[in-house]
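Listed in order, the protein sequences are those of chains H and D. The first sequence begins at 7 in the working numbering and counts up by one. The second sequence begins at 36 in the working numbering and counts up by one. To start, the structure under review is shown below, and the notes come after it.
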Amino acid sequence: MEVAVPPFEVFYERHKDEVMAFLGRRLGRERAEDAFQETFLRALRAYHRLDHGEHLRAWALTIASRIVLDDFRRRRPAGVTNAAEMPELATRDARPAYEELAPLTDGLPQKERAAVVLRYGYGLSYDEIGAALGSTGSAARQAASAGVRRLRKEQT
Amino acid sequence: MTISPSLDERFRAAAAAEGLLDVAYDVFEDTPVGPLLVGVTDHGVCRISYDPDPERELEELARLHGPRVLRSARPVDRLHRELDEYFAGRRRHFDLEPDIRVVPEFNRRVLEELARVEYGETTTYGALAARSGSPHAARAVGTVMNRNPVPIVLPCHRVIGASGKLVGYGGGLERKVMLLRLEGAIL
């Protein structure tokens, strides 16, 4: 049976401390505060479109990860990307959100990796994934299929 | 890492200010009738609950109005003020509209009639049934009063038995007596 989407208050209370801890580690206390608000506002903007209440922790941490990435990009001169300095997704946190697919998807670009994991690891809809990534459902679909194509190429 | 109360408040205010909530709610702890859980939508007051069990209330609000239910003080400010004035005897009429869009049609008709019963007056279940166009539905009207989602603002405490007995009240008879005394409808 599917888990119903809980009232947002319940979702927020359940995950706010962990999201803040995650953001604090990546960004430091001060920048984490803005990122915290943006994470939950982004979640709220998509919340009424969720199909079910499963894997909401992974969803919340993914949104937070994307906001960390956005923050890093904003602070980095255009064109410079150094993968080693990019913040990690929730994978390597104390309680990994993506443990099963992590070894397989580690080599993917961040966005494709998030889309693949949320789609095939957690079965979220493309709308939900789009919301988590700060884009649209169709962009999420493209990212997921690009990720899968890349994985196939790497396998052969 | 826990979040500071000011960050928490800031997020809750921002969520409401952006118009992202289906229901903003809060609990008013100190009212003369005990703690009240109140909920508001963009259309008005959708919930006033005596002796609230928040977990159950939130589930119910989410089911009726949508899952974006969040505690947020600012949207319920005005209701807080109006209730304070009412309990202090300085307000006889609520300016905030009740939001009863999700109430079934018969109930809504009865509640709309109920809204016309003035401060300090009482009516009977039978009279309210008649005015709602269902003269034989006094008992059903009693049930509608019992399920009134916004007591006080929609004054089901002003509805009593034909014999003059107070009969019953969703929030308990004591509160009905208290509200009617406050309004000077009974001694």
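Glycine included, every Cβ here is placed at the ideal spot set by N, Cα and C. For clarity, every value in this text was computed on a predicted model and none was experimentally measured.
Asked, Found
"Note the first and the last residue of the continuous alpha helix (DSSP H) segment covering serine 228 of chain D.", "Nothing can be reported for residue 228 of chain D, as the shown portion of chain D is limited to 36 through 222."
"Is the segment 180-192 of chain D touching the segment 141-151 of chain D in the sense that three or more CB pairs, one from each, lie closer than 8 Å?", "yes"
"According to the neighbour-count rule (16 or more other Cβ atoms, all chains shown, within 10 Å of its Cβ), is lysine 200 of chain D buried or exposed?", "exposed"
"For lysine 211 of chain D and glycine 79 of chain D, what's the separation of their Cα atoms in angstroms?", "23 Å"
"Would the beta-carbon of aspartate 180 of chain D fall within 8 Å of that of valine 194 of chain D?", "Before going on, a small fix: residue 180 of chain D reads as methionine here, not aspartate. Going by C-beta atoms, methionine 180 of chain D is nearer than 8 Å to valine 194 of chain D."
"What did DSSP end up calling threonine 157 of chain D once you bin it into helix, strand or coil?", "coil"
"Which two residues bound the contiguous alpha helix (DSSP H) that contains tyrosine 18 of chain H?", "14-33"
"What are the boundary residues of the beta strand (DSSP E) that includes threonine 76 of chain D?", "71-76"
"Measure the alpha-carbon distance for glycine 136 of chain H versus threonine 157 of chain D and round it to whole angstroms.", "55 Å"
"Could you tell me the distance, in whole angstroms, from the CA atom of arginine 35 of chain H to the CA atom of serine 39 of chain D?", "11 Å"
"Once DSSP output is grouped into helix, strand and coil, what is the label at alanine 52 of chain H?", "helix"
"Tell me, to the nearest whole angstrom, how far the beta carbon of aspartate 57 of chain H is from that of serine 131 of chain H; I am working on the premise that it is less than 8 Å.", "5 Å"
"In chain H, what lies closer than 9 Å to valine 176 of chain D by C-beta?", "Within chain H, no residue comes near valine 176 of chain D; the closest Cβ sits about 31 Å away, beyond 9 Å."
"I want to see whether chain H comes within less than 8 Å of isoleucine 195 of chain D, judged by CB atoms only; does it?", "no"
"In the DSSP output, which residue or residues are listed as bridge partners for phenylalanine 63 of chain D?", "D:Leu71"
"Determine the burial state of histidine 171 of chain D: buried for a count of at least 16 other Cβ atoms within 10 Å of its Cβ, exposed for fewer.", "exposed"
"Closer than 8 Å, CB to CB, is arginine 51 of chain H near chain D or not?", "yes"
"Go to isoleucine 135 of chain H, then tell me how far its alpha helix (DSSP H) extends in each direction, as first and last residue.", "132-139"
"Tell me the rounded alpha-carbon separation between alanine 145 of chain H and tyrosine 60 of chain D.", "35 Å"
"Listing by chain order, which chain H residues have their CB less than 8 Å from the CB of glycine 101 of chain D?", "His54"
"Any contact between the segment 121-136 of chain D and the segment 70-86 of chain D? By contact I mean 3 or more CB pairs, one from each, below 8 Å.", "yes"
"For arginine 45 of chain D, go through chain A and note every residue whose CB falls closer than 9 Å to its CB, in chain order.", "Among the protein chains of the structure shown, namely H and D, there is no chain A."
"Using only CA atoms, which one of H:Leu157, H:Val154, H:Val16 and H:Gly143 lies nearest to arginine 106 of chain D?", "H:Val16"
"For a cutoff of 8 Å on Cβ pairs, would you count glutamate 163 of chain H as touching chain D?", "Beyond the ends of chain H as shown, which are 7 and 162, falls residue 163 of chain H; an answer cannot be given."
"Could you name the residues of the segment 56-70 of chain H whose beta carbon sits closer than 8 Å to any beta carbon of chain D, in the order they occur along the chain?", "Leu56"
"Give me the chain H residues within the contact set of threonine 37 of chain D, using Cβ-Cβ distance strictly less than 9 Å, ordered along the chain.", "Lys22, Asp23, Met26 and Ala27"
"Could you give the distance in angstroms between the alpha-carbon of isoleucine 221 of chain D and the alpha-carbon of glutamate 64 of chain D?", "27 Å"
"Could you name the residues of the same chain whose beta carbon sits closer than 8 Å to that of leucine 99 of chain D, not counting the 5 residues immediately before and after it, in chain order?", "Cys81 and Val137"
"For arginine 106 of chain D, decide whether its Cβ has a neighbour in chain H, counting only Cβ atoms nearer than 8 Å.", "yes"
"Could you give the distance in angstroms between the alpha-carbon of proline 87 of chain D and the alpha-carbon of valine 73 of chain D?", "9 Å"
"Taking the alpha-carbon of glycine 153 of chain H as reference, which of H:Ala138, H:Thr142 and H:Ala120 has the nearest alpha-carbon?", "H:Ala120"
"So what does DSSP say about leucine 55 of chain D, is it helix, strand or coil?", "coil"
"Using a C-beta cutoff of 8 Å, does phenylalanine 46 of chain H count as contacting chain D?", "yes"
"Cβ of leucine 42 of chain D less than 8 Å from any chain H Cβ?", "yes"
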